[in-house]
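0 is the number of the first residue of the sequence shown in numbering that gives the first Met the number 0; add one for each residue after it.
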Amino acid sequence: MNRGKRNSIFVPKAMILAITAGFSSYAFGVDFQVGDGWQGSWTSSISAGSSWRASNPDSRLYGQANGALVGRTNGTGANTIDEGNLNYGKGDQFSSPFKLLTEVEIKKGDMGVFVRAKAWYDYTLENQSVKFGNQPNGYNGYSPATNSLGSPRPLSDNGFEPLNKFQGISVLDAYVYDTFNVNGNPLQVRLGNQVVNWGEGIFIQGVNQISAIDVPSFHKPGAQLKEVYLPVPMLFASQGLGEFGNVEGFYQFKWRNTPIDSGCGNYWALAGGSISSTPGGCNNAVTLTGSNPLGYNTGAYVPTIAGREPKNTGEFGLAYHFDVKPLDTEFGLYAMKINPRTPVATVNFGNYASLNTVSPISISWDYPKDMKVFGVSAATNLFGWSVAGELSYTKDFPAQLDGNDLLFAGLAAGGLIVPGSSIPLGPLGPSAVAAAAGNGVLGGYTLANKTQFQVNAIKVGNGILGASQYSLIGEVGFQWNNLPNYKDDPNAPRYNRAFIFGAGSSSAYGGSTCGTLNISADGCKNDGYATPFAWGYRLKGELTYPGLFAGVTVQPSVFWSHDVQGYSIDGQFLQGRMALGLGARFTYDKKYALELNAVQYNRHATYDPLSDRSFFSAIASMSF
Numbered sequence: 000m001n002r003g004k005r006n007s008i009f010v011p012k013a014m015i016l017a018i019t020a021g022f023s024s025y026a027f028g029v030d031f032q033v034g035d036g037w038q039g040s041w042t043s044s045i046s047a048g049s050s051w052r053a054s055n056p057d058s059r060l061y062g063q064a065n066g067a068l069v070g071r072t073n074g075t076g077a078n079t080i081d082e083g084n085l086n087y088g089k090g091d092q093f094s095s096p097f098k099l100l101t102e103v104e105i106k107k108g109d110m111g112v113f114v115r116a117k118a119w120y121d122y123t124l125e126n127q128s129v130k131f132g133n134q135p136n137g138y139n140g141y142s143p144a145t146n147s148l149g150s151p152r153p154l155s156d157n158g159f160e161p162l163n164k165f166q167g168i169s170v171l172d173a174y175v176y177d178t179f180n181v182n183g184n185p186l187q188v189r190l191g192n193q194v195v196n197w198g199e200g201i202f203i204q205g206v207n208q209i210s211a212i213d214v215p216s217f218h219k220p221g222a223q224l225k226e227v228y229l230p231v232p233m234l235f236a237s238q239g240l241g242e243f244g245n246v247e248g249f250y251q252f253k254w255r256n257t258p259i260d261s262g263c264g265n266y267w268a269l270a271g272g273s274i275s276s277t278p279g280g281c282n283n284a285v286t287l288t289g290s291n292p293l294g295y296n297t298g299a300y301v302p303t304i305a306g307r308e309p310k311n312t313g314e315f316g317l318a319y320h321f322d323v324k325p326l327d328t329e330f331g332l333y334a335m336k337i338n339p340r341t342p343v344a345t346v347n348f349g350n351y352a353s354l355n356t357v358s359p360i361s362i363s364w365d366y367p368k369d370m371k372v373f374g375v376s377a378a379t380n381l382f383g384w385s386v387a388g389e390l391s392y393t394k395d396f397p398a399q400l401d402g403n404d405l406l407f408a409g410l411a412a413g414g415l416i417v418p419g420s421s422i423p424l425g426p427l428g429p430s431a432v433a434a435a436a437g438n439g440v441l442g443g444y445t446l447a448n449k450t451q452f453q454v455n456a457i458k459v460g461n462g463i464l465g466a467s468q469y470s471l472i473g474e475v476g477f478q479w480n481n482l483p484n485y486k487d488d489p490n491a492p493r494y495n496r497a498f499i500f501g502a503g504s505s506s507a508y509g510g511s512t513c514g515t516l517n518i519s520a521d522g523c524k525n526d527g528y529a530t531p532f533a534w535g536y537r538l539k540g541e542l543t544y545p546g547l548f549a550g551v552t553v554q555p556s557v558f559w560s561h562d563v564q565g566y567s568i569d570g571q572f573l574q575g576r577m578a579l580g581l582g583a584r585f586t587y588d589k590k591y592a593l594e595l596n597a598v599q600y601n602r603h604a605t606y607d608p609l610s611d612r613s614f615f616s617a618i619a620s621m622s623f
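Listed below in structure tokens is the structure:
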């Protein structure tokens with residue numbers, strides 16, 4: 000049984016925008032002929048969109064030093080990881096991209112070539128002044144003499160990764176393909192830059208960890224699904240086995256990372272500097288005293304240096320799909336070895352006077368290697384619903400150690416807390432002292448194993464609220480890991496809590512961190528770190544009204560996300576995090592479209608660093 004879901008998508012919390020806002024699509028184009036029997040098609044779409052902040056910053060999520068520079072003096076955040084939050088107030092635009100997405104396919108029979116590319120220009124990021132600024136724009140002309148910002152100016156993307164820049168051109172897919180006959184069964188082969196999606200996940204990532212994700216595109220209004228997964232150079236083959244199903248495999252020729260725009264003054268920022276192995280012009284990870292611009296200008300900051308990347312070899316996978324007709328069910332088996340697409344923060348000991356800082360440590364964003372993923376899936380129909388589930392097991396997943404515990408351990412072991420003495424401080428203190436005396440690297444992660452089970456269901460029908468069609472989608476996921484529970488063992492490391500909350504209380508800090516080491520009332524609690532178990536669910540509904548007025552088709556939609564219990568090591572589940580998305584898409588002549596969306600996050604999610612980033616968006620697009 001095949002539900003036609005081989006190319007389904009998963010969407011972690013940071014990417015909810017793409018689901019709530021909907022995806023633009025097109026079905027127009029130009030057909031042409033090339034040479035003898037070669038048929039070509041060229042399709043494109045252009046779009047213009049904008050997003051506005053819907054609520055003011057929460058004082059829990061910005062600190063006192065940075066906040067005071069923009070007139071927000073009531074901040075209770077534990078540190079200065081708040082630039083993105085302070086740059087935008089309620090009603091401010093934070094993105095307005097103009098985008099062209101185009102693709103060309105030329106084929107003859109089963110043989111062909113396919114190329115897709117995009118160009119973008121974000122007018123707001125390029126031209127609109129912001130309140131605080133970022134390091135590449137000089138923190139809005141900050142003056143150390145007066146400890147004040149200058150006139151507002153636009154953010155700068157100097158040194159950013161290409162897909163994080165405010166404008167650019169990128170070639171996405173570019174591959175050749177053909178189909179061969181092997182003992183009466185088809186062998187489909189693709190070679191070049193391409194995307195391979197496996198598993199049955201829709202909103203929750205499980206088996207499907209092959210492709211890197213274009214996070215900046217996910218965060219922009221008008222994102223198209225076809226631009227979100229980043230193609231990589233690989234050889235892919237799918238061999239039909241007749242009644243025995245089919246087997247698929249890939250070998251990747253080059254590793255590719257997930258670009259992350261959650262740093263350096265961006266609206267979604269969760270870090271001070273760039274989250275990249277190449278920090279470029281944004282290398283102020285965190286200041287040691289005062290505001291970010293003060294610390295940077297006086298040499299009291301922790302720098303970000305170049306990170307470590309894996310080799311371009313050793314990434315491959317196999318999948319086997321088969322039908323069990325008596326059960327009307329398609330099963331899938333999966334195994335792959337890949338290098339993680341997202342980085343972890345690591346502490347390095349050394350002398351960084353050349354970077355104009357007194358810090359004895361630096362931060363680097365490193366990419367571990369050799370993660371193994373195994374899975375099994377099933378898809379069927381039950382009572383008019385398409386139902387699927389998968390069980391996945393990820394071995395050697397790099398679980399990020401808590402950033403504040405890393406920072407304090409590194410500074411103490413580096414001799415900054417007690418000048419000239421390497422002392423242990425915090426849960427990672429002994430490891431830091433050993434690293435400072437050894438190879439000079441305090442690894443920022445522990446290799447963990449995670450197990451995840453998820454089930455989803457899809458229903459498409461008619462007869463609800465006068466709509467010609469409705470669609471309902473639901474998915475629930477449960478995740479376990481093998482790390483020790485920090486609640487049971489006071490000496491156990493802690494993982495994966497947002498940096499703005501500071502260091503939680505621990506006997507390794509001498510007890511409570513409240514007040515002296517951490518002014519955040521929530522952050523100084525020993526809570527909000529990764530737990531052995533976590534779960535959550537996602538729901539989406541959409542109605543379609545063709546030609547509702549003046550030939551315009553209207554599609555209202557609603558999306559709901561709720562992380563019910565626990566904190567997962569991969570960030571997919573964060574207890575209390577909720578999002579409500581309301582949207583409406585208006586389409587005329589299947590060519591012109593307007594989308595309106597509103598997304599509200601739960602401001603009472605205690606340890607969600609993005610809980611105050613609710614927004615509105617509007618997108619106009621045309622296909623040709």
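Every residue, glycine too, gets a C-beta built ideally from N, C-alpha and C. Remember, it's a predicted structure, so these values are computed and weren't measured experimentally.
Report the option in the options whose CA atom is closest to the CA atom of residue i.
| i | options | result |
| --- | --- | --- |
| residue 420 | 359, 466, 374 and 480 | 359 |
| residue 456 | 539, 487 and 394 | 539 |
| residue 158 | 589, 424, 305 and 347 | 305 |
| residue 413 | 77, 441, 320 and 388 | 441 |
| residue 579 | 615, 571, 113 and 451 | 615 |
| residue 494 | 561, 554, 560 and 569 | 569 |
| residue 333 | 319, 341, 346 and 548 | 319 |
| residue 279 | 136, 53 and 551 | 136 |
| residue 525 | 516, 502, 434 and 546 | 502 |
| residue 397 | 428, 341, 380 and 409 | 341 |
| residue 572 | 519, 133 and 451 | 451 |
| residue 131 | 184, 562, 66 and 317 | 66 |
| residue 254 | 50, 559, 355 and 313 | 313 |
| residue 375 | 504, 285, 331 and 270 | 331 |
Who are the Cβ neighbours of residue i in its own chain at under 7 angstroms, not counting the five residues just before and after it?
| i | result |
| --- | --- |
| residue 260 | 163, 214, 215, 218 and 267 |
| residue 128 | 151, 152 and 153 |
| residue 191 | 173, 174, 175 and 232 |
| residue 252 | 232, 233 and 311 |
| residue 468 | 459, 461 and 543 |
| residue 546 | 552 |
Could you check where the beta strand (DSSP E) with residue i kicks off and where it finishes?
| i | result |
| --- | --- |
| residue 541 | 532 to 548 |
| residue 319 | 314 to 323 |
| residue 220 | Taken as a continuous stretch (DSSP letters only), residue 220 belongs to no beta strand (DSSP E), as it is neither H nor E. |
| residue 616 | 614 to 622 |
What do you get for residue i, buried or exposed, if any count of 16 or more other CB atoms within 10 angstroms of its CB means buried?
| i | result |
| --- | --- |
| residue 20 | Bear in mind that a pLDDT of 40 at residue 20, under 50, signals an unreliable position, so the number given afterwards is only what the model happens to contain. Burial call: buried. |
| residue 353 | exposed |
| residue 302 | buried |
| residue 264 | buried |
| residue 528 | buried |
| residue 26 | Because residue 26 carries a pLDDT of 48, less than 50, the predicted location of this residue cannot be relied on, and the following value inherits that uncertainty. Looking at its Cβ environment, which holds fewer than 16 other Cβ atoms inside 10 Å, residue 26 is exposed. |
| residue 227 | buried |
| residue 624 | The structure shown does not extend to residue 624, since the chain is modelled only from 0 through 623, so no value can be given for it. |
| residue 121 | buried |
| residue 630 | Beyond the ends of the chain as shown, which are 0 and 623, falls residue 630; an answer cannot be given. |
Quick one: what's got a C-beta closer than 8 angstroms to residue i's C-beta in the same chain, skipping five residues either side?
| i | result |
| --- | --- |
| residue 675 | The shown model of the chain, from 0 to 623, leaves out residue 675, and the question about it has no answer. |
| residue 383 | 458 and 460 |
| residue 277 | 158, 160, 305 and 306 |
| residue 125 | 153, 165 and 166 |
Sorted by chain position, which residues of the same chain lie with C-beta nearer than 6 angstroms to residue i's C-beta, five sequence neighbours on each side aside?
| i | result |
| --- | --- |
| residue 626 | The first residue shown for the chain is 0 and the last is 623, placing residue 626 beyond what the model contains. |
| residue 41 | 28, 29 and 103 |
Over the uninterrupted alpha helix (DSSP H) stretch that includes residue i, give me the two end residues.
| i | result |
| --- | --- |
| residue 225 | 224 to 227 |
| residue 295 | 291 to 296 |
| residue 446 | Per DSSP, residue 446 belongs to no alpha helix (DSSP H); it is in the beta strand (DSSP E), 444 to 460. |
| residue 214 | 214 to 217 |
| residue 92 | No alpha helix (DSSP H) contains residue 92, which is instead part of the beta strand (DSSP E) from 92 to 94. |
| residue 252 | Segment: none, residue 252 is in no alpha helix (DSSP H) and carries neither H nor E. |
| residue 408 | 402 to 412 |
| residue 123 | 122 to 126 |
| residue 429 | 428 to 436 |
Counting only beta-carbon separations shorter than 8 angstroms, does residue i have a partner in chain B?
| i | result |
| --- | --- |
| residue 64 | Although the question refers to chain B, the structure presented lacks it and comprises just one protein chain. |
*asked:* Under 8 angstroms: do the region 443 to 456 and the region 510 to 517 share three or more Cβ pairs, one atom per stretch?
replied: Contact fails: fewer than three Cβ-Cβ distances are below 8 angstroms.
- Message: Using a Cβ distance threshold of 8 angstroms, determine whether the region 463 to 476 contacts the region 528 to 535, with at least three qualifying pairs required.
- Response: By the Cβ test, the region 463 to 476 is in contact with the region 528 to 535, since at least three Cβ pairs between them sit closer than 8 angstroms.
Margin query: Does the region 367 to 377 come into contact with the region 239 to 247, if we say contact requires no fewer than three beta-carbon pairs (one atom in each stretch) closer than 8 angstroms?
Written below: The count of Cβ pairs closer than 8 angstroms, one atom from the region 367 to 377 and one from the region 239 to 247, stays below three, leaving the stretches out of contact.
Assess contact between the region 398 to 407 and the region 483 to 500, defined as three or more Cβ pairs (one per stretch) separated by less than 8 angstroms. Is contact present?
Because the criterion of three Cβ pairs below 8 angstroms is met, the region 398 to 407 and the region 483 to 500 touch.
**Message:** With three or more C-beta pairs closer than 8 angstroms as the rule, is the region 293 to 302 touching the region 129 to 149?
**Reply:** As far as the Cβ criterion goes, the region 129 to 149 touches the region 293 to 302, which means the pair count is three or higher.
Does the region 198 to 215 come into contact with the region 73 to 81, if we say contact requires no fewer than three beta-carbon pairs (one atom in each stretch) closer than 8 angstroms? Touching, no.
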